[in-house]
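Asker:
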Amino acid sequence: MSPLDALDESQRRAAEVLRGPVAVLAGAGTGKTRVITHRIAHGVDEGTYTPNRVLALTFTTKAAGELRGRLRQMGISGVQAKTFHAAALSQLNFFWPTVAGDTAPSIIDNKVRLLAHAADSLRIRPDTNTLRDIAAQIEWRKVTMRSIDDYATLGRAVGSVGASALVDLMAAYEKLKDERRQLDFEDVLLACAGMIEAEPRVAVAIREQYRHFTVDEYQDVSALQNRLLELWLGDRRDICVVGDASQTIYSFTGAEAKHLLEFGTRYPDATVVRLEHNYRSAPPILDAANALMRDRAGALRLRPTRESDTPRPAVVEYPDDASEAAGVAARIRSLVDRGVPASDIAILYRAHGQSALLQQALADAQVAATVLGGTRFFDMPEVRQAILAIRAAAVAPSDLGFLEAVRDVLRGLGHVEDAPPAGGALRTAWEARQAIVRLAESTSERSLRGFADELLARAKDQHEPAMRTVTLSTLHAAKGLEWPHVFLVGVSEGLLPISYASNLEAIDEERRLAYVGITRAAQTLSLSWARAAGRGERSPSRFLAEIGTGILRVERANATGGGRRG
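Take 562 as the starting number for the sequence shown in my numbering and just add one per residue.
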């Protein structure tokens, strides 16, 4: 069976072109990861690709792990799936001793701390939040490939640090970093690019190693990342880029969708394929997404692939933030009571600060929740302890069957059958251990040692199991994920779009964030906003008007926290 057999017509067209430049414009929920993996597998099956000469570039370690895992399931091993930074760091560490006659510099783990030391040398005392913002400016300067002198012409100030002092602080930071033989995260890309440009033998070796490139989320590449990609390629043309301009939500970090949108101009003979058949969302949700992005540059028109009697997305108005949190929690409690798994539900919001009221409201409603972006599953103390205990138990002989042995180990760590109340550390620990039980129930492994090894492999690839909790997430962190039921809260002026989005470009970024939130939903979507804002009042987001009442159904919250048609 060919890897292409599992693809639809558009996906197949993207996957069967194995040589030369290829751009896959992949809308939300259209199966871009499937295309990437099946295209690579097809290339290996055809003998066109040697696995270890394929470099698949992603933007997160988790996405790289998912690519490797999917390829392994298809019988393909040896493909290098890495983030830009991981690939660059690996090359620096390998070639630096040969080029410089010494080990590569160390990577700083805290830019803010080093900035504070640099500020001390200048006798200035910015607070921690100001230092964080300055660190972000340093990152932006580097990924947009600007020198400190170039940055000085912008005349930017950050908080209490004026433009001139800011430039001096950047220079002091670089000087201190050099004295300590350290690189920061962005320097890794700069140093790798500089090494390839300056050392022909390094360029030849890298280009001999990697012959075929795939870049996921290409709309998010910065000028620096794109320059490094060009250096890796040299004069070769075997590159496949995959992305969606409507999901460009990292412009503030230097991401530029123009690299994706102008790919066909740079490579006039490129194969360009549009993926617009959405396999995730019900038609009314896609109607809302398409309306929001109508006539925007690079926007794809998502087309449903299944019939559905799902109601139109609801817009619910609440009197204040506390009422909104309580109302959303009540609706979620109702879904759970009707048998919907909590893990099928997500609450999405623009800013981290919106989560506290929601967490408390869910706890009051006895609904367990997890905040995305917190401690990773395999970094949780309870999970690490469980894996160690399972490995230790594998050494001793036991008359218990595999599943009972796993449960026995977890009981020894304090795991019980009944869940503790929602909203505390005890419930979080219980949910984590219960997720391990479910993994044991679904695995093909029948030994404790094999199961422990499987858990360690999952940890390496960041292949985390789903905990049976409601997910709370910012819109940025939710990108790439999906849930059957999504509640998008705070859809008001000042929150979405955020108050500091002061020009058309920034508003467009906020619109793309709203689009990402909408397209996370598979079955139902609820949008809500709260009128009161301190002593003032908010108004509904302009994005709701752009979508229109012909697509959305308007509700107002009633006294019980639910809603009624308006």
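Built from N, CA and C at the ideal position, the CB exists for glycine as well.
1) Are the CB atoms of D830 and L586 within a distance shorter than 9 Å?
2) When you compare only the Cα positions, how much space is there between G1127 and A1093?
3) Does the pairing of the region 872–887 with the region 1057–1064 give three or more beta-carbon distances under 8 Å?
4) Can you tell me whether DSSP reads E791 as helix, strand or coil?
5) Tell me which residues share the same chain as L836 and place their Cβ nearer than 8 Å to its Cβ, disregarding the 5 neighbours each side in the sequence.
6) Determine whether the beta carbon atoms of L974 and V998 lie at a separation below 9 Å.
7) Per DSSP, A1130 forms a beta bridge with which residues?
8) Need the endpoints of the alpha helix (DSSP H) that T691 sits in, please.
9) Tell me F824's beta-bridge partners as DSSP assigns them.
10) What is the rounded straight-line gap between the Cα of A966 and the Cα of L933?
11) Does L949 pass the burial test, meaning 16 or more other C-beta atoms within 10 Å, or should it be called exposed?
12) Could you give the residue range of the beta strand (DSSP E) that holds A957?
13) If I follow the unbroken beta strand (DSSP E) through G804, where does it start and stop?
14) Alpha carbon to alpha carbon, how far is A993 from P942?
15) So, is R580 buried or exposed, given that buried needs 16 or more other C-beta atoms within 10 angstroms?
16) Around the C-beta of E634, are 16 or more other C-beta atoms found within 10 angstroms, so that it is buried, or is it exposed?
17) If you follow the alpha helix (DSSP H) that S1003 is in, where does it begin and where does it stop?
18) Just the C-alpha distance for V673 and A617, rounded to the nearest angstrom, thanks.
19) Near E1006, what residues of its chain come up, given a Cβ to Cβ distance below 6 Å and the 5 sequence neighbours on each side ignored?
20) Run through the DSSP bridge pairs and tell me what H773 is partnered with.
21) Would you mind reading off the limits of the alpha helix (DSSP H) that contains H1037?
22) For the alpha helix (DSSP H) that contains E965, what are its first and last residues?
23) Sort I846, D856 and R762 by Cα distance to L1049 and report the nearest one.
24) Under 9 Å between the Cβ atoms of V749 and L650?
25) Any idea what DSSP makes of L730, helix, strand or coil?
26) For V585 and chain B, any beta-carbon pair shorter than 9 Å?
27) Output needed for A732: all residues of its chain with C-beta closer than 7 Å, excluding positions within five of it in sequence on either side, in chain order.
28) Please determine, among A924, C753 and Q698, the residue with the shortest C-alpha to C-alpha distance to G720.
29) Look up I846 in the DSSP assignment and say whether it is helix, strand or coil.
30) Under 8 Å: do the region 610–629 and the region 772–779 share three or more Cβ pairs, one atom per stretch?
31) How should H976 be labelled, buried or exposed, when 16 other C-beta atoms within 10 angstroms of its C-beta is the threshold for buried?
32) For V728 and R684, what's the separation of their Cα atoms in angstroms?
33) Hey, quick one: how far does the beta strand (DSSP E) through L836 stretch, first residue to last?
34) When you compare only the Cα positions, how much space is there between S682 and R742?
35) Per DSSP, what are the beta-bridge partners of K643 in this structure?
36) So what does DSSP say about Y910, is it helix, strand or coil?
Answerer: From the atom records:
1) no
2) Confidence in G1127 is poor, its pLDDT being 41 and thus under 50, which makes the residue's placement unreliable; the coordinate value appears in the next sentence. If I take the Cα positions, the gap works out to 19 Å.
3) no
4) helix
5) S571, Q572, A575, V585, L586, A587, G588, T591, G592, K593, V596 and L861
6) no
7) Residue 1130 lies beyond the stretch modelled for the chain, which goes from 562 to 1127, so this question has no answer here.
8) T689 to V704
9) DSSP output for F824 lists no bridge partner at all.
10) 31 Å
11) exposed
12) Premise fails: A957 is in no beta strand (DSSP E) and is neither H nor E.
13) I800 to G804
14) 10 Å
15) exposed
16) Here residue 634 is Gln; the residue named in the question, Glu, does not match the sequence. Q634 should be labelled exposed.
17) A986 to S1003
18) 31 Å
19) F1012 and E1015
20) V615
21) L1036 to A1039
22) F963 to G973
23) I846
24) yes
25) helix
26) The structure shown contains no chain B; it is built from a single protein chain.
27) I709
28) Q698
29) helix
30) yes
31) buried
32) 14 Å
33) T832 to L836
34) 18 Å
35) L618
36) strand
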